[in-house]
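In order, the protein sequence lines correspond to chains A and B.
Residue 38 is where the first sequence starts when you use our numbering, and the numbers rise one by one after that.
Residue 38 is where the second sequence starts when you use our numbering, and the numbers rise one by one after that.
Each residue gets a CB set at the ideal place from its N, CA and C atoms; glycine is no exception.
Take a look at the structure set out below.
There are 2 protein chains.
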Amino acid sequence: MAEPIIFARLPLFRGVDGDVLDALREAATPLRLRKGEFLFRRGEPCQGFYTVVEGLVKLALPSAPGSERTVERAIEVFGPGATFGEDVLFLNTPQVADCQAQARTTVLHVSKFALWGAVERDPLLSARLLRNLSGRLHTLMRDIEAVSLQNALQRVASFLQEQAQASRRTWLACTQRVIASKLGITPETFSRVMSRFSAEKLVKLERGKIFLLDTEGLARQAAA
Amino acid sequence: MAEPIIFARLPLFRGVDGDVLDALREAATPLRLRKGEFLFRRGEPCQGFYTVVEGLVKLALPSAPGSERTVERAIEVFGPGATFGEDVLFLNTPQVADCQAQARTTVLHVSKFALWGAVERDPLLSARLLRNLSGRLHTLMRDIEAVSLQNALQRVASFLQEQAQASRRTWLACTQRVIASKLGITPETFSRVMSRFSAEKLVKLERGKIFLLDTEGLARQAAA
DNA sequence: CGAAAGTTTGAGTTGCTTCAACCGCGGTGG
DNA sequence: CCACCGCGGTTGAAGCAACTCAAACTTTCG
């Protein structure tokens with residue numbers, strides 16, 4: 038077993054009342070996932086929520102099980118410090134998406150009962166959760182905006198531009214296949230757009246990794 | 038002035054502590070909107086959140102101001118009892134979408150300061166807000182799923198099917214232009230799909246209103 | 001009644017997907 | 001050590017679902 042998890046350092050819990058934190062700690066279990074392993078799948082019951090301690094997980098909608106072709110739609114990728122799964126918890130529904138580790142990952146699972154209790158006792162925790170959910174809501178709104186109002190070129194450009202600004206470049210650590218899925222395009226289209234950007238010296242491609250060269254230029258592409 | 042607004046009857050506030058409720062009531066102002074009037078527009082600062090007392094408002098993303106063609110993407114429609122705008126409040130960002138009345142509408146505006154105070158004092162209110170946000174998050178996830186994984190026919194079918202099941206058929210009260218926008222298709226495409234469904238006796242069209250005839254059949258169309 | 005907005009229908013266009021072949025690399029086992 | 005496999009990525013060619021443009025019709029509302 039590696040180092041113990043410093044509970045109070047996780048963004049969601051920082052500053053939360055000590056007693057409340059103790060109760061949460063008792064209801065929490067760390068889970069280790071290998072790359073490719075599923076944390077949960079759509080339809081499974083929800084036992085609690087998760088925060089990422091280390092690694093990377095992908096939340097994605099699988100296509101209908103009936104259909105032959107197996108396409109999926111990536112929704113979010115969560116890196117260290119991120120909290121997810123609370124939405125399902127608060128609504129008390131089965132999981133709506135698949136959650137798969139994109140690398141060797143450690144997540145912390147907190148049981149729903151503990152969370153309900155903690156929310157009642159510490160308003161700060163509520164505030165954190167409300168902020169977290171609101172942020173995710175806005176992310177999804179931007180995604181819908183992108184997919185509805187922009188073409189493939191613009192979507193890729195604004196995505197890259199966002200990644201350039203964001204401190205957490207969780208997405209860029211994923212395969213291009215996953216990024217394409219998150220942008221709602223095929224890997225082929227993504228590749229074509231990237232090679233075009235590469236030719237225009239906006240990005241640099243190296244062994245499947247993406248480096249951003251010209252944020253300005255990307256912003257122009259996104260706006261056009 | 039029409040009848041006074043029964044504060045304690047609004048879904049968000051039902052069961053909330055009396056004192057807290059009083060504080061909120063003092064910080065609340067009713068707003069009346071004519072059809073087509075904007076409650077707020079993207080980019081404007083956020084002063085608080087809203088609940089619909091009567092009528093219908095549409096939340097929609099405008100296309101970039103620079104571009105010539107003026108397309109927009111409808112996100113949600115809120116009817117009586119619905120609460121919205123909390124997300125922007127919790128994140129303390131400018132509005133991300135336009136909000137426009139779809140009919141003569143009364144909304145209640147509650148200032149952000151009052152809400153912060155109330156959240157700290159009554160955990161029940163937090164729980165309500167968390168549930169509300171979670172529900173909206175799931176709605177958006179389903180929308181992304183629809184737009185990414187289904188074609189126009191399937192989207193329309195599953196949309197109609199959802200409306201059949203939902204108690205609140207707020208969307209069906211809108212123009213077809215708005216529905217099309219919410220589905221991420223053009224009014225033309227929507228019209229074509231609807232006339233096809235009409236020919237197949239799945240729906241009935243009458244003076245711009247939509248009546249659902251065969252929910253079963255719609256479900257089949259959605260799945261295919 | 002007339003203007004403005006919403007809806008329908010037709011015809012032509014296109015951006016993205018699909019299908020398919022190929023390349024390069026990393027892991028695995030003989 | 002090297003041959004083989006498999007997966008991720010690249011590139012080309014062809015097809016199609018949905019969009020755009022345009023024109024007629026209908027409904028709404030001042």
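Find the residues of chain A that neighbour S148 (chain B), judging by a C-beta separation of less than 9 Å, and give them in chain order. The contacting residues do not exist; S148 (chain B) stays about 16 Å from chain A at best.
Give me whichever residues DSSP pairs with L98 (chain B) in a beta bridge. B:R110
Identify the residues that DSSP records as bridge partners of Q137 (chain B): which are they? B:F75, B:K95
State the start and end residues of the unbroken alpha helix (DSSP H) segment that holds F234 (chain A). 224-236
Taking just the CA atoms, how far does L70 (chain B) sit from M38 (chain B)? No answer about M38 (chain B) holds up, because its pLDDT of 48 lies below 50 and its placement is not dependable.
Could you pull the DSSP bridge partners for R69 (chain A) from this structure? A:T143
Given this structure, state the Cα-to-Cα distance separating L186 (chain A) from L197 (chain A), to the nearest angstrom. 17 Å
Kindly indicate if chain B contains any beta-carbon less than 8 Å away from that of A133 (chain A). Looking at the sequence provided, one finds Val at residue 133 (chain A) rather than Ala. Cβ-Cβ to chain B under 8 Å: yes for V133 (chain A).
Any residues in the region 162-184 of chain A with a beta carbon nearer than 8 Å to a beta carbon of chain B? Which ones, in chain order? S163, A164, L166, L167, R168, L170, S171, G172, R173, L174, H175, L177, M178, R179, D180, I181, E182, V184
What number of angstroms, rounded off, separates the C-alpha of F227 (chain B) from the C-alpha of R214 (chain A)? 31 Å
Neighbour flag for G85 (chain A) against chain B, beta carbons, 8 Å: no
Less than 7 Å between C-beta atoms, sequence neighbours within five positions excluded: which residues of the same chain meet that for A60 (chain B)? A151, G154, A155
What do you reckon, is the C-beta of L161 (chain A) under 7 Å from a heavy atom of the ligand SAM? No copy of the ligand SAM appears in this structure; indeed no ligand is present at all.
Tell whether a beta-carbon distance below 8 Å holds between P269 (chain A) and L145 (chain A). Residue 269 (chain A) is absent from the model: chain A starts at 38 and stops at 261.
Distance between P160 (chain A) and E157 (chain B) (C-alpha atoms, nearest Å): 5 Å
Suppose contacts are defined by Cβ-Cβ distances below 8 Å. Is Q132 (chain A) in contact with E81 (chain A) by that definition? yes
Taking I181 (chain B) as part of the beta strand (DSSP E), name the residues at either end of that continuous run. Per DSSP, I181 (chain B) belongs to no beta strand (DSSP E); it is in the alpha helix (DSSP H), 160-186.
Return yes when the Cβ of I216 (chain A) is within less than 8 Å of the Cβ of A189 (chain A), no when it is not. no
Could you round the C-beta distance between V89 (chain A) and F115 (chain A) to whole angstroms and report it? I think they count as a contact, below 8 Å. 5 Å
Under the assumption that R168 (chain A) contacts L166 (chain B) (Cβ atoms under 8 Å), give the Cβ distance between them as a whole number of angstroms. In fact, because the Cβ distance is near 11 Å, the residues do not count as touching under 8 Å.
Can you check which of these residues, B:E253, B:A203, B:G254, B:P99, is closest to F77 (chain B) by C-alpha distance? B:P99
Spatially closest choice to E253 (chain A) from A:G245, A:D180, A:E237, by CA coordinates: A:E237
Roughly how many angstroms lie between the CA atoms of E113 (chain A) and Y87 (chain A), to the nearest whole one? 14 Å
Taking Cβ-Cβ distances shorter than 7 Å, what residues in chain A pair up with R110 (chain B)? I181, E182, S185, L186
Near K241 (chain B), which residues of its chain fall below 6 Å by C-beta distance, leaving aside the five closest residues on each side in sequence? F248, L250
Spatial neighbours of G52 (chain A) within its chain, please: C-beta separation below 7 Å, excluding the five flanking residues on both sides. L161
Taking only the alpha-carbon atoms, compute the straight-line gap between S262 (chain A) and R244 (chain B) and give it to the nearest angstrom. No answer is possible for residue 262 (chain A): it lies beyond the span of chain A, which begins at 38 and ends at 261.
Find the residues of chain A that neighbour F127 (chain B), judging by a C-beta separation of less than 7 Å, and give them in chain order. L167, R168, S171
Going by DSSP in three states, S204 (chain A) sits in which element: helix, strand or coil? coil
Alpha carbon to alpha carbon, how far is A65 (chain B) from D135 (chain A)? 41 Å
Neighbour list for S100 (chain A) in chain B, Cβ cutoff strictly below 7 Å: L186
Provide the residue span of the alpha helix (DSSP H) that contains L61 (chain A), from first to last. 55-63
Using only the alpha-carbon positions, how far apart do G118 (chain A) and E91 (chain A) sit? 8 Å
Proximity below 8 Å, CB of A111 (chain A) to CB of K219 (chain A): yes
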